[in-house]
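Residue numbers (this note's numbering), protein chains in the order written: chain A, 22 to 225; chain B, 22 to 225.
Right, one structure below, let's go through it.
There are 2 protein chains.
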Amino acid sequence: MFRFANPEERTDGVTDATGQARRRADARRNQQALLDAAAAVFVAAGVEAPVRDIAAAAGVGVGTVYRHFPTRADLVVAVYRHQVEACAEAGPTHLAEAAHPYAALTGWVDQFVDLLVTKHGLAAALRADSAQFDALHAYFVDRLVPVCARLLDAAATAGEIRADVDAYQLLRGVGNLCVGADSDPRYDARRLVGLLLDGLRLRT
Amino acid sequence: MFRFANPEERTDGVTDATGQARRRADARRNQQALLDAAAAVFVAAGVEAPVRDIAAAAGVGVGTVYRHFPTRADLVVAVYRHQVEACAEAGPTHLAEAAHPYAALTGWVDQFVDLLVTKHGLAAALRADSAQFDALHAYFVDRLVPVCARLLDAAATAGEIRADVDAYQLLRGVGNLCVGADSDPRYDARRLVGLLLDGLRLRT
DNA sequence: AACGATACGGAACCGTGTTCCGCTTTGCCA
DNA sequence: TGGCAAAGCGGAACACGGTTCCGTATCGTT
Chain A
22 MFRFANPEER TDGVTDATGQ ARRRADARRN QQALLDAAAA VFVAAGVEAP
72 VRDIAAAAGV GVGTVYRHFP TRADLVVAVY RHQVEACAEA GPTHLAEAAH
122 PYAALTGWVD QFVDLLVTKH GLAAALRADS AQFDALHAYF VDRLVPVCAR
172 LLDAAATAGE IRADVDAYQL LRGVGNLCVG ADSDPRYDAR RLVGLLLDGL
222 RLRT
Chain B
22 MFRFANPEER TDGVTDATGQ ARRRADARRN QQALLDAAAA VFVAAGVEAP
72 VRDIAAAAGV GVGTVYRHFP TRADLVVAVY RHQVEACAEA GPTHLAEAAH
122 PYAALTGWVD QFVDLLVTKH GLAAALRADS AQFDALHAYF VDRLVPVCAR
172 LLDAAATAGE IRADVDAYQL LRGVGNLCVG ADSDPRYDAR RLVGLLLDGL
222 RLRT
């Protein structure tokens with residue numbers, strides 16, 4: 022996703038503990054400033070905030086933004102990486118702690134919906150068909166589809182839900198339902214996601 | 022939606038049968054050419070095709086586009102007006118012909134989904150949060166929400182579905198599920214809409 | 001035929017994302 | 001400590017989209 026400078030041959034002491042090539046101090050400082058500024062701007066103005074605004078908030082030029090994040094989508098991914106990661110890791114936890122697999126599934130999907138509706142326009146960005154946000158979409162899919170698949174599989178095996186819906190579709194559907202959930206008081210994405218999950222259940 | 026020239030005081034013979042103020046011949050010709058060209062371009066390149074392309078296809082300048090359709094959204098509305106109208110009128114028909122109200126509801130929603138997924142990016146345009154397409158959104162809501170409400174009401178009265186979902190939400194949900202339905206073979210909007218409708222049913 | 005109202009065309013403007021390149025800063029080495 | 005190449009920076013410039021503006025062409029009436 023990110024193309025950091027290729028770690029050239031160097032003498033010891035120029036790579037940090039994690040083996041990352043060490044960049045100039047100002048570069049690291051700016052990258053952190055950008056992440057912080059972007060997070061703040063996203064909260065205030067949504068994920069679709071102009072790159073120029075983010076650059077200004079971080080006190081750098083637009084060129085610097087693009088040096089660190091090849092594209093807007095990469096910046097967005099970087100900002101939300103932790104939360105997506107947390108969501109991914111919560112999958113097995115739900116499965117272990119819930120009374121039964123369907124409860125784990127609904128619990129996890131709820132958490133996913135939270136992630137989406139909490140961040141202004143994140144769902145919309147995920148859905149933008151423009152190649153603009155492909156990287157964002159790809160990251161979410163890569164990270165979350167397998168997690169969802171395990172939950173779905175467990176519930177299906179337990180005979181709680183139909184077995185003919187795959188994780189990608191469900192996740193896309195849920196993501197779609199969350200688009201525009203903020204900014205429209207008449208619309209309650211959580212409600213509709215609930216109905217969708219209910220539609221998954223096998224009638225007894 | 023459209024701001025046609027105000028019908029000034031005129032002598033007889035300058036208003037047509039429908040009482041519309043009669044505009045210059047070239048104006049009427051261009052408007053029709055634009056509608057035809059837009060329809061063709063939308064099929065070929067999706068609803069998001071640039072205004073310049075549509076103008077070029079119609080053989081007019083961009084200024085002419087904006088004279089006839091104050092905004093891109095108005096042009097889109099005009100192009101799809103007939104089909105939205107047909108969909109709206111189909112509501113009562115389904116209700117009259119289906120075996121029971123829930124079947125009428127699913128039949129009608131199916132038709133609505135067809136409308137959305139058939140036209141490249143129509144659903145996405147409907148959902149664009151940009152004020153850009155507000156007019157489009159408003160038109161769909163105005164025309165279809167009442168129709169959907171009647172179907173929902175009939176099914177709820179018959180005890181087939183829960184009574185606590187309103188037409189606006191359902192329509193938005195269905196519309197959202199249709200976003201990006203073309204251009205992604207792994208995603209089947211119709212399928213998910215089916216699940217959502219299934220989630221509406223009361224367990225017996 | 002002349003003339004005023006109507007309509008046209010497309011250059012120009014604004015707001016986006018993204019690229020490019022001359023200049024600055026950093027950090028190594030002598 | 002001073003010099004210097006590489007790394008990084010800033011922001012003007014470009015591409016592209018919607019929309020506006022206004023001088024010019026066309027229409028239809030007198």
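C-beta atoms are modelled at their ideal positions from N, C-alpha and C, and glycine is treated no differently.
(request) For the alpha helix (DSSP H) containing B:Phe-63, list its first residue and its last residue. (result) B:Phe-63 -> alpha helix (DSSP H) spans 46-66.
(request) Note down, in chain order, all residues in the segment 77-97 of chain A with a beta-carbon under 7 Å from any beta-carbon belonging to chain B. (result) Against chain B - using a Cβ distance shorter than 7 Å - the segment 77-97 of chain A contributes no residues.
(request) Compare the beta carbon distance of A:Leu-217 and B:Leu-213 with 8 Å and say whether it is the shorter of the two. (result) Taking 8 Å as the cut-off, the Cβ atoms of A:Leu-217 and B:Leu-213 count as close.
(request) Just confirm the distance between the C-beta atoms of A:Gly-196 and A:Leu-147, as a whole number of angstroms; I'd bet it's less than 8 Å. (result) Contact flag correct, Cβ pair sits at about 6 Å.
(message) Below 8 Å, how does it come out for the segment 131-139 of chain B and the segment 188-204 of chain B: are there three or more Cβ pairs, yes or no?
(response) Contact between the segment 131-139 of chain B and the segment 188-204 of chain B is present, because at least three Cβ pairs lie under 8 Å.
(request) Drop a sphere of 10 angstroms on the beta-carbon of A:Val-83, count the other beta-carbons inside from all chains shown, and report buried for 16 or more, exposed for fewer. (result) Burial check for A:Val-83: the Cβ neighbour count within 10 Å stays below 16, so the residue is exposed.
(message) Quick check: the Cα distance between B:Gly-215 and A:Ala-65, rounded to an integer number of angstroms?
(response) If I take the Cα positions, the gap works out to 37 Å.
(message) Counting only beta-carbon separations shorter than 8 Å, does A:Val-200 have a partner in chain B?
(response) Yes - at least one Cβ of chain B is within 8 Å of the one on A:Val-200.
(request) Kindly confirm or deny that the segment 69-79 of chain B and the segment 107-118 of chain B touch, where touching means at least three C-beta pairs closer than 8 Å. (result) At 8 Å Cβ cutoff, the stretches do not touch.
(message) At the level of alpha carbons, what is the spacing between A:Val-138 and A:Ala-202?
(response) Cα-Cα distance, rounded: 6 Å.
(request) Would you mind stating whether A:His-103 and A:Gln-52 have Cβ atoms separated by less than 8 Å? (result) Against a cut-off of 8 Å, the Cβ pair of A:Gln-52 and A:His-103 comes out as no contact.
(request) State the start and end residues of the unbroken alpha helix (DSSP H) segment that holds A:Phe-133. (result) Start and end: 122-139.
(message) Contact criterion: CB-CB distance below 8 Å. Does B:Thr-36 meet it with respect to chain A?
(response) With a pLDDT of 45 at B:Thr-36, under the threshold of 50, the predicted position of this residue should be treated as unreliable, though the coordinate-derived value follows. Not closer than 8 Å to any Cβ of chain A, the Cβ of B:Thr-36 fails to qualify, so no.
(message) Can you give me the C-alpha to C-alpha distance between A:Asp-95 and A:Val-72, rounded to a whole angstrom?
(response) Rounded to whole angstroms, A:Asp-95 to A:Val-72 spans 12 Å at the Cα level.
(message) Between A:Ala-176 and A:Pro-91, how many whole angstroms is the CB-CB distance? I'm expecting something under 8 Å.
(response) About 39 Å; that fails the 8 Å criterion.
(request) Please classify B:Leu-223: is it buried, with 16 or more other beta-carbons within 10 angstroms of its beta-carbon, or exposed? (result) Here B:Leu-223 is exposed, its C-beta having fewer than 16 other C-beta atoms within 10 Å.
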